[in-house]
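S.K.: Okay, handing you the structure first.
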Amino acid sequence: MPAAPPPTTAENLSLIPKAFFALGSVSYALLTRPLASSPRPVDAFRDAVYAAMRSFLSSISTAQEQASQVSTEAQYLAVSKYKHYAPDTDVLDSGLRVHWLGPKLSRSTILFLHGGGFNLAASSGHLEWLWDLKNDLAQQASISVVIPSYTLAPEGQYPLQLRQAAEVLQWLVEKQGKSPANIILAGDSAGANLSVAVLSHLLHPHPDVPAIKLREPLAAAVLISPWTRFVSDDESVTKNARSDMVTVPAAKRWSSNYLGPAELDYYNQPADADEQWFSGLDKKVKDMFVYAGGGEILIDSIELFVQKLKQAHPRVEFFVQSGAGHDDIILDKVLGYKKKAEGTKVIESWIAQRCTALGY
Numbered sequence: 001m002p003a004a005p006p007p008t009t010a011e012n013l014s015l016i017p018k019a020f021f022a023l024g025s026v027s028y029a030l031l032t033r034p035l036a037s038s039p040r041p042v043d044a045f046r047d048a049v050y051a052a053m054r055s056f057l058s059s060i061s062t063a064q065e066q067a068s069q070v071s072t073e074a075q076y077l078a079v080s081k082y083k084h085y086a087p088d089t090d091v092l093d094s095g096l097r098v099h100w101l102g103p104k105l106s107r108s109t110i111l112f113l114h115g116g117g118f119n120l121a122a123s124s125g126h127l128e129w130l131w132d133l134k135n136d137l138a139q140q141a142s143i144s145v146v147i148p149s150y151t152l153a154p155e156g157q158y159p160l161q162l163r164q165a166a167e168v169l170q171w172l173v174e175k176q177g178k179s180p181a182n183i184i185l186a187g188d189s190a191g192a193n194l195s196v197a198v199l200s201h202l203l204h205p206h207p208d209v210p211a212i213k214l215r216e217p218l219a220a221a222v223l224i225s226p227w228t229r230f231v232s233d234d235e236s237v238t239k240n241a242r243s244d245m246v247t248v249p250a251a252k253r254w255s256s257n258y259l260g261p262a263e264l265d266y267y268n269q270p271a272d273a274d275e276q277w278f279s280g281l282d283k284k285v286k287d288m289f290v291y292a293g294g295g296e297i298l299i300d301s302i303e304l305f306v307q308k309l310k311q312a313h314p315r316v317e318f319f320v321q322s323g324a325g326h327d328d329i330i331l332d333k334v335l336g337y338k339k340k341a342e343g344t345k346v347i348e349s350w351i352a353q354r355c356t357a358l359g360y
């Protein structure tokens, strides 16, 4: 499908009243904060930002949304320049571009699939968070991060992104000489959805995606605020509507662009998988960690998904940060918070423990 066309003049002009409406949403959030009975973000600044984000995400078009961002590669190059890091990008046989943070010859590698509803590129927050994670882990282990610039929806639709993620994983093993036992599959939000799709593909090869051939299980999988059910009527969607920045209209727009004519299935909607779908997962990935915020509208579907994982895999750890919104540890970097988030500390420690145990 062609990429979303640039916004029309009318769409550009419509941003003016939308901006005023967002300012009104911010004012309302701050005025009602002292009286709020429903969950709200942990501080007033975040409350104001989330209110503005909800306003925009619920009303803008795909064209407006995508015109406001730069590509994953552009963000990668910008952060590399700021960090005085020599960028290192590989181009795979399909033309897919993958970007490295850290030495290619590292013993272990994190394959990170970024979030953004499949519609948005990796943000500066993603790159900053991964940069800090890589540097902190490098004090204890030989590690690098690889970030694919997968095709965004609606230009690319399911299962193209799964095909690209599978291609990168196979390339790391076959062309880069990485042992699966030293690869950590990770992602946030839609990227976590895609990570689970890769694991499902290892269990049940998707008919439209080349099979991944691994001689041993992956070292680990880390799922941050996984988007495991695209749109739902879970209680948390209503309960946490004001403590999160994700909205139902945005989720509907993103998932529609991503799916196109495809149907929902267990690869793209793992929270609805049957009890046998994840059977044997412990033979494909050794350890799993799932992070979520207690203030997410998605928390109910994430908890359901984790229950199903734990029924199939004996080494799944689940950490819920009380009051946190969707993908908050990544968004913290965008919002300028300097203090390391508790969720980041837990994830970093969890990965470091596995690196130490395996001697890498």
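Everything in the sequence shown is counted per full-length UniProt numbering, starting at 1 for the first residue and increasing by one.
Each residue gets a CB set at the ideal place from its N, CA and C atoms; glycine is no exception.
1. Can you tell me the Cα-Cα spacing of Leu152 and Gln139, whole angstroms?
2. Work out the CA separation of Ala78 and Tyr267 for me, nearest whole Å.
3. May I have the straight-line CA-CA distance separating Val26 from Phe20, to the nearest angstrom?
4. Could you say if the stretch 218 to 228 and the stretch 341 to 359 meet the contact criterion of at least three C-beta pairs nearer than 8 Å?
5. Measuring alpha carbon to alpha carbon, tell me which residue in Leu113, Phe118, Ala197, Phe45 is nearest Glu130.
6. For Glu275, does the count of other Cβ atoms within 10 angstroms reach 16, so buried, or fall short, so exposed?
7. Apart from the five residues on each side of it in sequence, which residues of its chain come closer than 6 Å, Cβ to Cβ, to Gly191?
8. Can we say the stretch 46 to 54 touches the stretch 22 to 37, given the rule of at least three CB pairs closer than 8 Å?
9. Report buried or exposed for Lys175, applying the criterion of at least 16 other Cβ atoms within 10 angstroms of its Cβ.
10. List, from N- to C-terminal side, the beta strand (DSSP E) runs of 3 residues or more that fit wholly inside the stretch 284 to 346.
11. Going by C-alpha to C-alpha distance, which of Ala141, Gln170, Leu127 sits closest to Ile329?
12. Mind checking Asn12: buried by the 16 CB within 10 Å criterion, or exposed?
13. Run through the DSSP bridge pairs and tell me what Pro148 is partnered with.
14. Do you know whose CA, among Trp227, Val198, Pro207, lies nearest Leu214's CA?
15. Among Ser243, Ser255, Phe278, which has the Cα closest to the Cα of Thr32?
16. Closest to Ile302 by CA distance: which of Gln321, Ile16, Lys286 is it?
17. Is Val222 helix, strand or coil when you go by DSSP?
18. So which of Asn135, Thr109, Pro180 has the shortest CA-CA distance to Val146?
19. At what residue ranges does the stretch 131 to 200 contain a whole run of the beta strand (DSSP E), taking only runs of 3 or more?
20. So who's on the other strand from Ser108, going by DSSP bridges?
M.R.: So, from the data block:
1. Within the sequence shown, the letter at position 152 stands for residue 152. Within the sequence shown, the letter at position 139 stands for residue 139. For Leu152 and Gln139, the gap between their C-alpha atoms comes out near 34 Å.
2. Locating residue 267 in the sequence shown gives position 267, where the first residue counts as 1. Locating residue 78 in the sequence shown gives position 78, where the first residue counts as 1. C-alpha separation (whole angstroms): 33 Å.
3. The residue you call residue 26 lines up with position 26 of the sequence shown. The residue you call residue 20 lines up with position 20 of the sequence shown. Taking the straight line from one Cα to the other gives about 10 Å.
4. Two segments are said to touch when three or more pairs of C-beta atoms, one from each, lie closer than 8 Å; by this definition the stretch 218 to 228 touches the stretch 341 to 359.
5. Taking the first residue of the sequence shown as position 1, residue 130 is located at position 130. For the record, residue 130 in the displayed sequence is Leu; it is not Glu. Of the candidates Leu113, Phe118, Ala197, Phe45, the one whose C-alpha sits nearest the C-alpha of Leu130 is Leu113.
6. Here residue 275 corresponds to residue number 275 of the sequence shown, with the count starting at 1. By the 16-neighbour rule on beta-carbons within 10 angstroms, Glu275 is exposed.
7. Taking the sequence shown and counting its residues from 1, one reaches residue 191 at position 191. Cβ neighbours of Gly191 beyond the five flanking positions: Leu113, His114, Gly115.
8. At 8 Å Cβ cutoff, the stretches touch.
9. As a position in the sequence shown, residue 175 is number 175, starting the count at 1. A residue is called buried when at least 16 other Cβ atoms come within 10 angstroms of its Cβ; Lys175 does not meet this threshold and is exposed.
10. You should have 285 to 293, 316 to 321.
11. Locating residue 329 in the sequence shown gives position 329, where the first residue counts as 1. Considering only alpha carbons, the answer is Leu127.
12. Counting from 1 along the sequence shown, the entry for residue 12 is found at position 12. Result: exposed.
13. Working through the sequence shown from its first residue, we reach residue 148 at position 148. DSSP lists Val98 as partners of Pro148.
14. Position 214 of the sequence shown holds residue 214. The residue among Trp227, Val198, Pro207 with its C-alpha nearest the C-alpha of Leu214 is Val198.
15. What you label residue 32 is simply residue 32 of the sequence shown in a count that begins at 1. Of the candidates Ser243, Ser255, Phe278, the one whose C-alpha sits nearest the C-alpha of Thr32 is Ser243.
16. Translated into positions along the sequence shown, residue 302 becomes position 302. The shortest C-alpha separation from Ile302 is found at Gln321.
17. Start at 1 with the first residue of the sequence shown, and residue 222 comes out as number 222. In this structure, Val222 counts as strand in the three-state DSSP scheme.
18. Here residue 146 is taken as the residue at index 146 of the sequence shown, counted from 1. Nearest option by C-alpha distance: Thr109.
19. The stretch 131 to 200 contains, as complete beta strand (DSSP E) runs of 3+ residues, the segments 143 to 148, 183 to 188 (chain order).
20. Position 108 of the sequence shown, counting from 1, holds the residue named residue 108. For Ser108, which the question treats as bridged, DSSP gives the partners Ile143.
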